[in-house]
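These notes concern the structure reproduced below.
Residue numbers (the numbering used here): 1 to 400.
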């Protein structure tokens, strides 16, 4: 039974490191649009481009980071990427032009793409396979708590009139503490591969995971719109206070769902868990897009639906996250864990970046509620694709 123990000092440390990294990330997420507007007077479309550079860079580096994790020592790569990610926050303080800001965002994305793949892979390495779904669920819960506290604190600090440099400093300090925790993690020594495998596409991207990756991409587009533009959307429809509560409720929903979804995944119910999450996400995004009309007709109902959607969105994505991650890992042999995790996160990042771009573009030519309506339609496509293609493909090709 000891070997199946989930809680260990290293596991707790990597949870803390993950929380502190994402706290720094989410502290700035909802205020970056205001920063770009106030300092660089950017348009909505340029704002979407500047913000999405981060995600584009992250997704470009993920396949290579997955390959490196499967061939080199994982913890040193994790620490180097974490240090670079941390250092970029200091760079934002001296970015005097939009061009410099975009360059820093690209560098930040490259570091983020590497550190997140490394962290996820290390969690898989230091936890028993029988508890993997649960371990990934709690690891993701650390992200969700950061997603709750970070935006709420960031918006509170911004609304209180504190400078953006104070926000950047807060993010920097959070990551300094996270790097200290990460350095104390005891990772197992990765066994050497006796025969070097030839370079192929499957060493950088899990080919068997492509259908699931496409499905996850469709789901992450409206999610990217939500995390980036929901504060602005709230102001557009007349919700001028308490927008930080949206992220808090969303993270609460994720936390609650992870209490049971990881265990259901470990019992082999991966397809059922993901299906449930997708159906719930469909309902939530249609409800979110309808909030503009509700706020005009029945404001009290509109506010209830707006914040209620955030809670249920958290349940939907909190249910799907550990299940999708485990799905990718179960399609790959043990020596391709890094590649499987990289493919999972690459698919997610492609959608997040697309969501930032599409949301900014639709917001400029129309309104943000139309962007959420478009995202809701994508979740319907995702549900159909998962039911008819992804689920059956996984059942035929899973290795464990």
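Backbone N, C-alpha and C fix where the C-beta goes; we use that ideal spot for every residue, glycine too.
The model shown is predicted, which means the values in this text are computed figures rather than measured ones.
Asked: Please name the residue, chosen from 41, 161, 136 and 215, that lies closest to residue 378 on a Cα-to-Cα basis.; Found: 215
Asked: From 163, 54, 152 and 375, pick the residue whose C-alpha is nearest to that of residue 283; which is it?; Found: 375
Asked: Considering only residues of the region 14-70, which uninterrupted alpha helix (DSSP H) runs meet the minimum length of 4 residues and lie entirely inside it, listed in chain order?; Found: 32-40
Asked: By alpha-carbon positions, which one of 183, 344, 314 and 308 ends up nearest to residue 141?; Found: 314
Asked: Measuring only the C-alpha atoms, how far is residue 29 from residue 8?; Found: 31 angstroms
Asked: Shortest alpha-carbon distance to residue 166 belongs to which of 346, 82 and 89?; Found: 89
Asked: Drop a sphere of 10 angstroms on the beta-carbon of residue 12, count the other beta-carbons inside from all chains shown, and report buried for 16 or more, exposed for fewer.; Found: exposed
Asked: Among the residues of its own chain, which have a CB less than 6 angstroms from the CB of residue 295, if the five just before and after it don't count?; Found: 237, 238 and 302
Asked: Based on Cα-Cα distance, which residue from 53, 346 and 225 lies nearest to residue 99?; Found: 53
Asked: From the DSSP output, in three-state form, read off residue 8 for me.; Found: coil
Asked: Can you tell me which of the three DSSP states residue 272 falls into?; Found: helix
Asked: CB residue 391 to CB residue 322, shorter than 8 angstroms?; Found: no
Asked: Between residue 255 and residue 248, what straight-line distance do the alpha-carbon atoms span, to the nearest angstrom?; Found: 10 angstroms
Asked: Near residue 134, what residues of its chain come up, given a Cβ to Cβ distance below 7 angstroms and the 5 sequence neighbours on each side ignored?; Found: 6, 262, 263 and 266
Asked: According to the Cβ coordinates, are residue 57 and residue 113 closer than 8 angstroms?; Found: yes
Asked: Between residue 226 and residue 372, what straight-line distance do the alpha-carbon atoms span, to the nearest angstrom?; Found: 8 angstroms
Asked: Spell out a yes or no on whether the region 350-367 and the region 328-335 are touching, meaning 3 or more CB-CB pairs, one atom from each, closer than 8 angstroms.; Found: no
Asked: DSSP state of residue 232, grouped into three classes?; Found: helix
Asked: Please state if the CB of residue 48 and the CB of residue 361 are separated by a distance shorter than 8 angstroms.; Found: yes
Asked: Can you tell me the Cα-Cα spacing of residue 74 and residue 281, whole angstroms?; Found: 34 angstroms
Asked: Counting beta carbon pairs with one atom in the region 336-349 and one in the region 106-122, are three or more of them shorter than 8 angstroms?; Found: yes
Asked: So the alpha helix (DSSP H) residue 353 belongs to, where does it begin and stop?; Found: 337-365
Asked: Following the continuous alpha helix (DSSP H) through residue 383, name the residue where it begins and the one where it ends.; Found: 368-385
Asked: Please state whether DSSP places residue 169 in a helix, a strand or coil.; Found: helix
Asked: In the DSSP assignment, the alpha helix (DSSP H) including residue 325 goes from what residue to what residue?; Found: 299-330
Asked: Taking only the alpha-carbon atoms, compute the straight-line gap between residue 311 and residue 244 and give it to the nearest angstrom.; Found: 13 angstroms
Asked: I'd like to know if the region 76-92 and the region 101-112 are in contact, where contact means that at least 3 CB-CB pairs between them fall below 8 angstroms.; Found: yes
Asked: Can you name the start and end residues of the alpha helix (DSSP H) that residue 237 belongs to?; Found: Note, residue 237: premise wrong, no alpha helix (DSSP H); not H, not E.
Asked: What's the gap between the Cα of residue 241 and the Cα of residue 150?; Found: 17 angstroms
Asked: For residue 234, collect the residues of the same chain with a Cβ closer than 8 angstroms to its Cβ; drop the 5 residues on either side in sequence, then sort them by chain order.; Found: 240, 243, 246 and 306
Asked: Under three-state DSSP, which class holds residue 188?; Found: coil
Asked: Assuming residue 336 contacts residue 136 (C-beta within less than 8 angstroms), just tell me the rounded distance between them.; Found: Contact flag wrong, Cβ pair sits at about 17 angstroms.
Asked: Between the alpha carbons of residue 2 and residue 128, how many angstroms are there, rounded?; Found: Since pLDDT at residue 2 reaches only 44, below the 50 mark, its modelled position is unreliable, and the value read off the structure follows with that caveat. In a straight line, the C-alpha of residue 2 is about 10 angstroms away from that of residue 128.
Asked: To the nearest angstrom, how far is the alpha carbon of residue 224 from that of residue 396?; Found: 31 angstroms
Asked: Compare the beta carbon distance of residue 387 and residue 220 with 8 angstroms and say whether it is the shorter of the two.; Found: no
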